[in-house]
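Encoded as structure tokens, the structure appears first; notes follow it.
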Amino acid sequence: YETPRSTFVANFLGTSNLVPGTVDDATPGGDVALTSRGTRLLVPAARCAAPPRVGGALLLGVRPEKV
């Protein structure tokens, strides 16, 4: 539930807010900075399913009860 392997699984197990973004900066073991719709967000790198790459796309999933 907390770490779904795909967007299908994320939505199958309950509603998820999926936020598309572009990676601006990433440090191993640190934070990943991404921009989504003009807003900059920081995400712990440990929560990423794969190592993020600068300039790459990232889909951030947030459960409604976590907001």
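Residue numbering for the sequence shown follows my numbering, beginning at 3 and increasing consecutively. Don't be surprised by glycine CBs; every beta carbon is placed ideally from N, CA and C.
Sub-7 Å separation of L20 and D33 beta-carbons: On the sequence shown, residue 20 is found 18 positions in, with the first residue counted as 1. On the sequence shown, residue 33 is found 31 positions in, with the first residue counted as 1. No, these two residues do not count as a Cβ contact at 7 Å.
Short Cβ contact (7 Å threshold) for L62 with V25: Numbered from 1 along the sequence shown, position 60 holds the residue referred to as residue 62. Numbered from 1 along the sequence shown, position 23 holds the residue referred to as residue 25. In this structure, V25 does not lie closer than 7 Å to L62 by Cβ.
Helix, strand or coil at A35 [DSSP, three-state]: Your numbering for residue 35 matches position 33 in the sequence shown. A35: strand per DSSP, three-state reduction.
Rounded straight-line distance, which links the Cα of P54 to that of P22: Locating residue 22 in the sequence shown gives position 20, where the first residue counts as 1. Locating residue 54 in the sequence shown gives position 52, where the first residue counts as 1. Straight-line Cα distance between these residues: approximately 13 Å.
Environment of A51 [buried if 16+ CB atoms lie within 10 Å]: Position 49 of the sequence shown, counted from the first residue, corresponds to residue 51. When all chains shown are included, A51 counts as exposed.
Rounded C-alpha distance that separates T17 from E67: To locate residue 17, count along the sequence shown from 1; it is residue 15. To locate residue 67, count along the sequence shown from 1; it is residue 65. Between T17 and E67, the C-alpha separation is close to 10 Å.
Buried versus exposed call for L36 [16 or more other C-beta atoms within 10 Å across all chains shown]: For this step, residue 36 is matched to residue 34 along the sequence shown. Classification for L36: buried.
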